[in-house]
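Asker: This is the structure I have questions about; it appears just below.
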Amino acid sequence: MSYNNLPFQPTLKIEPFTLNIPDKDIDELKTLLKLSRLPKETYENIDAEKKGFGVSRKWLDETRKYWLDGYDWRKHEKRINAQPAYTTKIQNKDGLEYTVHFAALFSNKKDAIPIILTHGWPGCFIEFLGIMERVREQYSADDLPYHLIFPSQPGYLFTSDPPLDREFSLRDVGYLFHELMQGLGFKEYVAQGGDIGSFVSTELAYRYESCKAVHLNMYKLFDPPEGTPEAKQRSGPLTAAEMVEKLQPYGYSLEHATRPSTVGLVVGSNPASLLCWIGEKFLTWSDEDPSLDTILTFISLYWFTDTYPSSIWNYRYSLGSKRDVPSAEDEYQHKPMGFSYFPREISPVPVHWIKQVNNLVWSKEHTSGGHFAALEKPQELWQDIEEFVAATWNKA
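What follows is the structure, given as structure tokens:
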């Protein structure tokens, strides 16, 4: 059943895309894994998970062996290729041309509602594979009431990297993705995202009238907003000890923000290093551990495309020297917003906090699920998106 019929004549040149990693790249990965030295035992890396110190030496050893001898990349490549994917060229406001990669499920109904769903870090567009598969089980292309677009962010996989000679920001990403939606013929659309994808989605909603509503499954808010009971109970700024405690889950983020070159070179130069750095995030941030095959598919894609060093640029804008502190007006989202709360998010934000600083018109609190909502809870997140769109589209 075809979901690849574009509903409108695009103003962009759209090229079909098929993932096909060369055999030599797979062989090189295996050679590097074989040659990677397993570090010696330390107090910290024995039972590291129980101590809260990250992944253990044992986990690295066993997972590396499975990556070498048990994991079948071609099997997962076939699953990825089962969903239609494309690339196109978009010129940014700086005059540079960017390749933008995206997966998509197009409806045969011209009046279907366009939704752009954006991934975060350390994810990529395959976070949404479970949703794509469920949508195809639920709807035929003739019945599908949505056009679903799943872009790869700049610096990830097959979308161009940020430029080498100037700064690049969320505003640039928003512009590229807005131009993508316009170029596909969608005059109006809904934005959805988690993690960094939530920042992109709110940028689209804030900046572009065509984005009529926004649904998020992560919201970044460290302190209770003015007007909430928690804000009234606070006696003053956080103490140094309180700030250190609050930043405990964000050691990786501070490294990304303050030393992106160093960590990019170290982690990006060795597949075992990449396995530890990203594998830990999937284990720590998920409510239930994903399968090794799931973790290794993400990490394999990062490795084959050399994505890691170019995927962490955004952290400088949230915690680094280039951090962008919005004004109170910028902080408030006037467009209709929906929010799905998953309790095992890195730092879950109460729904009433979000409502205080946004036009929150729809929310749902789940009892399980973590940072990778689309991956962990595809059925629940998809149902939330459908309910939110049904509640807001004709009113936006």
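When the letters of the sequence shown are read in order and numbered with full-length UniProt numbering, they come out as residues 1 to 396.
In this text, a Cβ means the ideal position worked out from N, Cα and C, and glycines have one as well.
Owing to the predicted nature of the structure, the values given are computational and were not obtained by experimental measurement.
What residues match up with N217 in a beta bridge as DSSP calls it?
Answerer: Within the sequence shown, numbered from 1, the residue matching residue 217 stands at position 217. Looking at the DSSP assignment, N217 forms no beta bridge with any residue, so it has no partner.
Asker: Got a sec? Which residues, its chain only, sit under 8 Å from D161 by beta carbon, not counting five neighbours each side?
Answerer: On the sequence shown, residue 161 is found 161 positions in, with the first residue counted as 1. Contacts found: P154, G155 and S310.
Asker: From the DSSP output, in three-state form, read off K58 for me.
Answerer: Locating residue 58 in the sequence shown gives position 58, counting from the first residue. Helix, per DSSP.
Asker: Going along the chain, which unbroken runs of the beta strand (DSSP E) with 3 or more residues stay wholly within the region 259-328?
Answerer: Within the region 259-328, no complete beta strand (DSSP E) run reaches 3 residues.
Asker: For a quick check, are the C-beta atoms of F158 and H76 less than 7 Å apart?
Answerer: Here residue 158 refers to the residue found at position 158 when the sequence shown is read from its first residue. Here residue 76 refers to the residue found at position 76 when the sequence shown is read from its first residue. No, the pair does not count as a contact, with Cβ atoms beyond the cut-off.
Asker: Shortest alpha-carbon distance to P378 belongs to which of N20, T88, R134 and S2?
Answerer: Translated into positions along the sequence shown, residue 378 becomes position 378. It is R134.
Asker: Label K212 either buried or exposed according to how many other C-beta atoms from any shown protein chain fall within 10 Å of its C-beta, with 16 as the threshold for buried.
Answerer: Locating residue 212 in the sequence shown gives position 212, counting from the first residue. Buried is the call here.
Asker: Pick helix, strand or coil for E245, following the three-state DSSP scheme.
Answerer: For the purposes of this step, residue 245 is taken as residue 245 along the sequence shown, with counting starting at 1. Of the three classes helix, strand and coil, the one that applies to E245 here is helix, per DSSP.
Asker: Cutting at 6 Å between CB atoms, please list the residues of its own chain near F199, excluding the five before and the five after it.
Answerer: Residue 199 sits at position 199 when you count from the first residue of the sequence shown. Result list for F199: L170, in chain order.
Asker: With 16 other CB atoms within 10 Å as the buried threshold, where does residue 400 fall?
Answerer: For residue 400 there is no data in the structure shown, the boundaries of the chain being 1 and 396.
Asker: If you scan the region 327-388 from start to end, which runs of the alpha helix (DSSP H) of 4 or more residues do you find wholly inside it?
Answerer: Correct list: 328-331, 351-356 and 373-376.
Asker: Should V55 be labelled buried (16 or more other beta-carbon atoms within 10 Å of its own) or exposed?
Answerer: Walking along the sequence shown from the start, residue 55 turns up at place 55. It is buried - the Cβ of V55 has at least 16 other Cβ atoms within 10 Å.
Asker: Once the 5 residues before and after N4 are set aside, which same chain residues still bring their CB inside 7 Å of it?
Answerer: Here residue 4 refers to the residue found at position 4 when the sequence shown is read from its first residue. Excluding sequence neighbours, N4 sits near P84 and F106.
Asker: Assuming Q333 contacts V214 under a Cβ cut-off of 8 Å, what Cβ separation, rounded to an integer in Å, is found between them?
Answerer: Within the sequence shown, the letter at position 333 stands for residue 333. Within the sequence shown, the letter at position 214 stands for residue 214. Right, their Cβ atoms sit about 7 Å apart.
Asker: Just grab the DSSP bridge partners of H147 for me.
Answerer: In the sequence shown, residue 147 corresponds to position 147, counting from 1. Bridge partners of H147: P114.
Asker: Exposed or buried, which one is R259 when buried takes at least 16 other CB atoms within 10 Å?
Answerer: Here residue 259 is taken as the residue at index 259 of the sequence shown, counted from 1. By the neighbour-count rule (16 or more Cβ atoms within 10 Å), R259 is not buried but exposed.
Asker: Can you give me the Cβ contacts of S327 inside the same chain, cut-off strictly under 7 Å, excluding the 5 residues immediately before and after it?
Answerer: One-based indexing of the sequence shown puts residue 327 at position 327. Confidence at S327 is low in this model, with a pLDDT of 43, below 50, so the placement of that residue should be treated as unreliable; the coordinate-derived value is given next. Result list for S327: empty, nothing under 7 Å.
Asker: For G369 versus F342, is the C-beta spacing smaller than 7 Å?
Answerer: Along the sequence shown, read from residue 1 onward, the residue named residue 369 stands at position 369. Along the sequence shown, read from residue 1 onward, the residue named residue 342 stands at position 342. Yes, the Cβ-Cβ distance between G369 and F342 is below 7 Å.
Asker: Apart from the five residues on each side of it in sequence, which residues of its chain come closer than 7 Å, Cβ to Cβ, to E280?
Answerer: The residue labelled residue 280 in the question sits at position 280 within the sequence shown. Answer for E280: G54 and V55, listed in chain order.
Asker: Count the other CB atoms, across all protein chains shown, that sit within 10 Å of the CB of V325; report buried if there are 16 or more and exposed otherwise.
Answerer: Residue numbering aside, residue 325 sits at position 325 when the sequence shown is read from its first letter. Annotation note: pLDDT 47 at V325 (below 50); position unreliable, coordinate value reported separately. It is exposed - the Cβ of V325 has fewer than 16 other Cβ atoms within 10 Å.
Asker: State yes or no: is the beta carbon of D161 nearer than 7 Å to at least one beta carbon in chain B?
Answerer: Considering every chain present, this structure includes no chain B. It has just one protein chain.
Asker: Span of the alpha helix (DSSP H) holding L204?
Answerer: Here residue 204 corresponds to residue number 204 of the sequence shown, with the count starting at 1. Here the alpha helix (DSSP H) through L204 covers I196 to R207.
Asker: Using a Cβ-Cβ cut-off of 7 Å (strictly less than) and excluding sequence neighbours within five positions of E329, which residues of its own chain qualify?
Answerer: As a first step, residue 329 must be located in the sequence shown, where it is residue number 329. With a pLDDT of only 47 at E329, under 50, the local geometry of the prediction cannot be trusted, and the value read off the model is given with reservation. If we look at E329 and ignore the five residues flanking it on each side, it has no Cβ neighbours.
Asker: Looking at C-alpha atoms only, which residue of Y98, G193 and G268 is the closest neighbour of P163?
Answerer: On the sequence shown, position 163 is the one that residue 163 refers to. Nearest option by C-alpha distance: Y98.
Asker: Between which two residues does the alpha helix (DSSP H) holding Y175 run?
Answerer: Numbered from its first residue, the sequence shown carries residue 175 at position 175. Residues L170 to G183.
Asker: Helix, strand or coil: how does DSSP classify K13 here?
Answerer: Indexing the sequence shown from 1 puts residue 13 at position 13. The answer is coil: DSSP assigns K13 none of H, G, I, E or B.
Asker: Taking the straight line between their C-alpha atoms, what separation do you get for P10 and G183?
Answerer: Counted from its first residue, the sequence shown places residue 10 at position 10. Counted from its first residue, the sequence shown places residue 183 at position 183. Spanning the two alpha carbons is a distance of roughly 5 Å.
Asker: Whose C-alpha, out of V361, I312, W303 and W382, is nearest the C-alpha of P22?
Answerer: Numbered from 1 along the sequence shown, position 22 holds the residue referred to as residue 22. Of the candidates V361, I312, W303 and W382, the one whose C-alpha sits nearest the C-alpha of P22 is W303.
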